[in-house]
Amino acid sequence: MGKLWRNNKSTLTRIINELAKSPDVDKVLARRKPTDVKSDEWEEFYKIRTSKEFKEKSEKMRKVRAKLTYPHTTSRKGYARLEKELAVEEDSQSEDDEESLLITEDPITRALCPERPGCVRGRGFGVTFKTLEA
Numbered sequence: 242m243g244k245l246w247r248n249n250k251s252t253l254t255r256i257i258n259e260l261a262k263s264p265d266v267d268k269v270l271a272r273r274k275p276t277d278v279k280s281d282e283w284e285e286f287y288k289i290r291t292s293k294e295f296k297e298k299s300e301k302m303r304k305v306r307a308k309l310t311y312p313h314t315t316s317r318k319g320y321a322r323l324e325k326e327l328a329v330e331e332d333s334q335s336e337d338d339e340e341s342l343l344i345t346e347d348p349i350t351r352a353l354c355p356e357r358p359g360c361v362r363g364r365g366f367g368v369t370f371k372t373l374e375a
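Residue 302 in this note's numbering sits at position 61 of the sequence shown; the count goes up by one each step and never skips.
(1) Write down the C-beta distance between threonine 254 and arginine 303 rounded to the nearest angstrom, noting that I regard them as a contact closer than 8 Å.
(2) Taking only the alpha-carbon atoms, compute the straight-line gap between tryptophan 283 and asparagine 248 and give it to the nearest angstrom.
(3) I'd like the list of long-range same chain contacts for isoleucine 256, defined as Cβ closer than 8 Å, with 5 residues on each side in sequence excluded.
(4) Are the CB atoms of alanine 271 and serine 263 nearer to each other than 9 Å?
(5) Can you tell me which of the three DSSP states arginine 247 falls into?
(6) Buried or exposed, going by whether 16 or more other CB atoms sit within 10 Å of the CB of leucine 260?
(7) Threshold first: 3 residues or longer. Then list the beta strand (DSSP E) segments lying entirely within the region 262 to 310, N to C.
(8) Tell me which residues share the same chain as tyrosine 287 and place their Cβ nearer than 7 Å to its Cβ, disregarding the 5 neighbours each side in the sequence.
(9) Verify whether the separation of the beta carbon atoms of lysine 318 and glutamate 326 is less than 9 Å.
(10) Could you give the distance in angstroms between the alpha-carbon of tyrosine 320 and the alpha-carbon of aspartate 267?
What follows is the structure in structure tokens.
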């Protein structure tokens, strides 16, 4: 929901920047107002987005974003919590690997020869290695 709200504000800001270039700003502004926004709120939003402070901040952030070499990919959790989460996943994956090794070396497999891809004997209809791993 937050991403949609942010995208909507960005779209409205782009519209306002286009409006600011036109000679009849007031007329065009009234026509481009979204239907679910009150006129006084739209005018206030327009004033904020065309203010000197907003444009300076926007330009500053645009430059910072251009210099960014590694995009932020940890969402709201941050690096410390992401590191803990990855460590837990790694531990669980190593346990899964041990289980899958045991499945390929169980007595039935040894007695009947290796399994064909996509089926596991002795586990019932439709069971595959992937479903056993999950």
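Note that beta-carbon positions come from the ideal geometry of N, C-alpha and C, so glycine has one too. Treat the numbers as computed from the prediction; the structure is a model and nothing was measured.
Based on what the coordinates show:
(1) That pair is no contact at about 12 Å.
(2) Each residue's alpha carbon lies about 17 Å from the other.
(3) For isoleucine 256, where only same-chain residues beyond five positions count, the Cβ hits under 8 Å are Arg273.
(4) With respect to the 9 Å criterion, alanine 271 and serine 263 are not classified as neighbours on the basis of their beta carbons.
(5) DSSP, read as helix, strand or coil, puts arginine 247 in helix.
(6) Using a 10 angstroms sphere on the CB of leucine 260, the tally of other CB atoms reaches 16 or more, which defines it as buried.
(7) With a minimum length of 3 residues, no continuous beta strand (DSSP E) run stays inside the region 262 to 310.
(8) Counting only Cβ-Cβ distances below 7 Å, and skipping sequence neighbours, we find Ile257 and Leu270.
(9) Yes, the Cβ-Cβ distance between lysine 318 and glutamate 326 is below 9 Å.
(10) Their Cα atoms are separated by approximately 47 Å.
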